[in-house]
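Q:
Chains as they are written, first to last, in this note's numbering: chain A, 1 to 375; chain B, 1001 to 1375.
(1) Scan the stretch 1190-1218 of chain B for residues whose Cβ lies nearer than 9 Å to a Cβ of chain A and list them as they occur along the chain.
(2) Tell me whether the beta-carbon of residue 83 (chain A) lies closer than 9 Å to the beta-carbon of residue 91 (chain A).
(3) Any contact of the stretch 1034-1054 of chain B with the stretch 1011-1024 of chain B, i.e. 3+ C-beta pairs under 8 Å?
(4) Hey, how far is the Cα of residue 1260 (chain B) from the Cα of residue 18 (chain A)?
(5) First and last residue of the beta strand (DSSP E) that includes residue 1323 (chain B)?
(6) Kindly indicate the opening and closing residues of the beta strand (DSSP E) around residue 166 (chain A).
(7) Could you check whether the Cβ of residue 1001 (chain B) sits closer than 9 Å to any Cβ belonging to chain A?
(8) Any residues in the stretch 275-292 of chain A with a beta carbon nearer than 7 Å to a beta carbon of chain B? Which ones, in chain order?
(9) Which full runs of the alpha helix (DSSP H) of 4+ residues lie inside the stretch 105-183 of chain A, going along the chain?
(10) Check distances from the C-beta atoms of the stretch 153-185 of chain A to those of chain B and list, in chain order, the residues that come in under 7 Å.
(11) When DSSP builds the beta bridges, which residues end up paired with residue 1034 (chain B)?
(12) Which residues, taken in chain order from the stretch 89-115 of chain A, show a beta carbon closer than 8 Å to some beta carbon of chain B?
(13) Quick one: what does DSSP say residue 1373 (chain B) is sitting in, helix, strand or coil?
(14) Taking only the alpha-carbon atoms, compute the straight-line gap between residue 64 (chain A) and residue 37 (chain A) and give it to the nearest angstrom.
(15) Between the stretch 58-87 of chain A and chain B, which residues of the former have a C-beta closer than 8 Å to a C-beta of the latter?
(16) How many angstroms separate the CA atom of residue 1077 (chain B) from the CA atom of residue 266 (chain A)?
(17) On a Cα-Cα basis, can you pick out the residue from B:1236, B:1013 and B:1216 that is closest to residue 1054 (chain B)?
(18) Hey, could you find the ends of the alpha helix (DSSP H) residue 1205 (chain B) is sitting in?
(19) Helix, strand or coil, according to DSSP, for residue 348 (chain A) in the structure here?
(20) By the three-class DSSP mapping on this structure, what secondary structure does residue 1283 (chain B) have?
(21) My understanding is that residue 287 (chain A) touches residue 326 (chain A), with C-beta atoms under 8 Å, so please give their C-beta distance in whole angstroms.
(22) Is the beta carbon of residue 184 (chain A) sitting closer than 9 Å to the one on residue 165 (chain A)?
(23) Do we get a CB-CB distance below 9 Å when we pair residue 311 (chain A) with the residues of chain B?
(24) Strictly under 9 Å for the Cβ-Cβ distance: is residue 1305 (chain B) near chain A by that measure?
(25) Is the beta carbon of residue 1066 (chain B) less than 9 Å from the beta carbon of residue 1009 (chain B)?
(26) On the premise that residue 126 (chain A) lies in contact with residue 238 (chain A), defined as a C-beta separation below 8 Å, what is that separation, rounded to the nearest angstrom?
(27) Residues of chain A with a CB under 7 Å from the CB of residue 1273 (chain B): which are they?
(28) How many angstroms separate the CA atom of residue 189 (chain A) from the CA atom of residue 132 (chain A)?
(29) Have a look at A:105, A:186, A:89 and A:115 and flag the residue whose alpha-carbon is nearest the alpha-carbon of residue 27 (chain A).
(30) Any beta-carbon of chain A closer than 9 Å to the one on residue 1308 (chain B)?
(31) In this structure, does DSSP put residue 335 (chain A) in helix, strand or coil?
(32) Using a 10 Å radius around the Cβ and a threshold of 16 neighbouring Cβ atoms, would you call residue 1294 (chain B) buried or exposed?
(33) So, does the CB of residue 330 (chain A) fall closer than 9 Å to a CB anywhere in chain B?
(34) Cβ of residue 1161 (chain B) within 9 Å of Cβ of residue 1241 (chain B)?
(35) Using a Cβ-Cβ cut-off of 7 Å (strictly less than) and excluding sequence neighbours within five positions of residue 376 (chain A), which residues of its own chain qualify?
(36) Using the beta-carbon of each residue, which ones in chain A are nearer than 8 Å to residue 1270 (chain B)?
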């Protein structure tokens, strides 16, 4: 086994594989990265109990020259650490003895112990199947905007991830923890889907996909059996999906509102942040919004800490000028932060109905928060 | 008690006091910041078991207007959090009820519970006494360059801090853990010291002084009884000092060397960093430097991880072209990083004598490392 390759590009590929590895795994072979070197390409694979990743580099790409095929199982952490400390543009990777890989540059040589390649599991990547193609930047943004409503440790397993759903040519990504909903519509420009397409992607897998997504290019998403695949260039990211029926959140989305408040997002965000009083007890931070006489009054209080009150007038109003509603300030802060638009709309019905945050500048995103009952 | 003040400047002052507080202290009053408001100034005080800090703001400074004197003991963490979230340039601070402080801006009001002022200890600040004055930037740099050799958890208490010593008109700051020594000479431009001046400042206090030191201005250092004082503008930082006799490190500094290697600091730093192999066992990383035939060979190895070897030629040499010495690579890396000069000198005697790192571009700093015995 002998190849040479561009050092910085190899760091990037090793890094992708390393990120998902569970270094605390009791089985050392699972903490390795498998490198399969054939005559015309090099395939890196790593895995954990939920996610597997495969990335392929062809001869000629990132200066890859293969002098002798072969397989090895490296310890990615050490390998990466050493690649980062090297100065050379091109590094040589070779196996002389069975259990040692040699990384060399012009004037230096590292000999690293490796793992037994035969101990690494065989992983089936399900790359064929119905798929849709989305813009990477769009997907990244959508995942960031919807994951805020997901509680990773939710008892109801299906809620501990994001729901991907394509129905009637509309593709939604939705997250909910039962108290709030984040829903985002995404454009897709190719589909082989016949009818519908639905899957629930685990929280941790979503975080990894976010890290993997570049700012440019396209991502192919396909769902086969109990797996979802995200294919970006030559990298295949495969995750098992969550079982269960995701709730029909569209049913809870109110359509008619009594009051709509139009407000500058940054200003409103700062206002609500102030209401989020510091506290060490992890008690739920309740904020009370009172609308009357064309003014908003924001109040909050936490026993042992203190209380807060502020008057706010910089908004436009449509509908009834009389509301009194309370909610979890952390939820509202998360929602406001997910909007990139200048203005947002706070849509209210009454003190017992969900509030909906949206923006007419970008109607693809909606955030719903259930109110809290307080005195 | 009623005053108004510039918000951002107050944040800075509260921050200085907050940093030293031990929020885990079982006594809640010690976790507070005492604010003494008299007719013409405002004094903030906080303390922990080793360090006390006092900062004084006069009427007129940072927009301070005092309307009514009084005392209070605030919970600095909450106070700071709220000040940071406010938008107003000027904030009003007042006590209406006994156990509540009100922080208000133009349109908002925070009411915060406070602690009982009478529970706060009376702290004596020893501001008078023999003192020297140094440049703040010089002191900050010197502390950063010497603290690298201090082991906070050293069993020999006197070594768990930095030694400040003025003798024969030369002021040295020295740190050592018994295996290495960092020594820095500092210029001072005023002294009322009659004979000598010596004190050992605890590790944690040094870290806090580093944070406190601004880039400009001067710092007055004085030592009274078992306390050292650092006075920067109107802020007094007082720390108890370490007892015991600091070793005479000047005695171990070799003067005559057999070999001096002149090398680019950045290049040599990268070289030694590579020799510092990754490992999870916290075993001591030994690096071996061999000088022969006008070449340097750097070698290292860690069982279970692997080995490394590199050839290095970019240096100038004075003296004997034949050395073989081993040392702790972490120590050498720390030393190299402490130099801001372009070139450095590695001074060697033989494999059993300490190596000295210095730079003719700045002779105020010396770093000594004891060699390790290896095969």
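Where is the CB? At the ideal position from N, CA and C, for every residue including glycine. Predicted model, so just to flag it, every value in this text is computed and none were measured.
A: Looking at the coordinates:
(1) none
(2) yes
(3) yes
(4) So the two alpha carbons sit approximately 42 Å from each other.
(5) 1322-1328
(6) 161-167
(7) no
(8) 278
(9) 136-146
(10) Residues of the stretch 153-185 of chain A with a C-beta less than 7 Å from any C-beta of chain B: none at all.
(11) B:1045 and B:1073
(12) 100, 107, 108, 109, 110, 111, 112 and 113
(13) coil
(14) 11 Å
(15) Look at the stretch 58-87 of chain A: the residues with a C-beta under 8 Å from a C-beta of chain B are 77, 78, 81, 82, 85, 86 and 87.
(16) 25 Å
(17) B:1236
(18) 1203-1212
(19) strand
(20) coil
(21) 7 Å
(22) no
(23) yes
(24) yes
(25) It is not a contact, given that the beta carbons lie outside the stated cut-off.
(26) 7 Å
(27) 85
(28) 8 Å
(29) Comparing alpha-carbon positions, the option among A:105, A:186, A:89 and A:115 lying closest to residue 27 (chain A) turns out to be A:115.
(30) yes
(31) helix
(32) The C-beta of residue 1294 (chain B) has fewer than 16 other C-beta atoms within 10 Å across all chains shown, which makes the residue exposed.
(33) no
(34) Residue 1161 (chain B) places its beta carbon less than 9 Å from that of residue 1241 (chain B).
(35) Beyond the ends of chain A as shown, which are 1 and 375, falls residue 376 (chain A); an answer cannot be given.
(36) What residue 1270 (chain B) touches in chain A, judged by beta-carbon distance under 8 Å, is 85 and 87, going in chain order.
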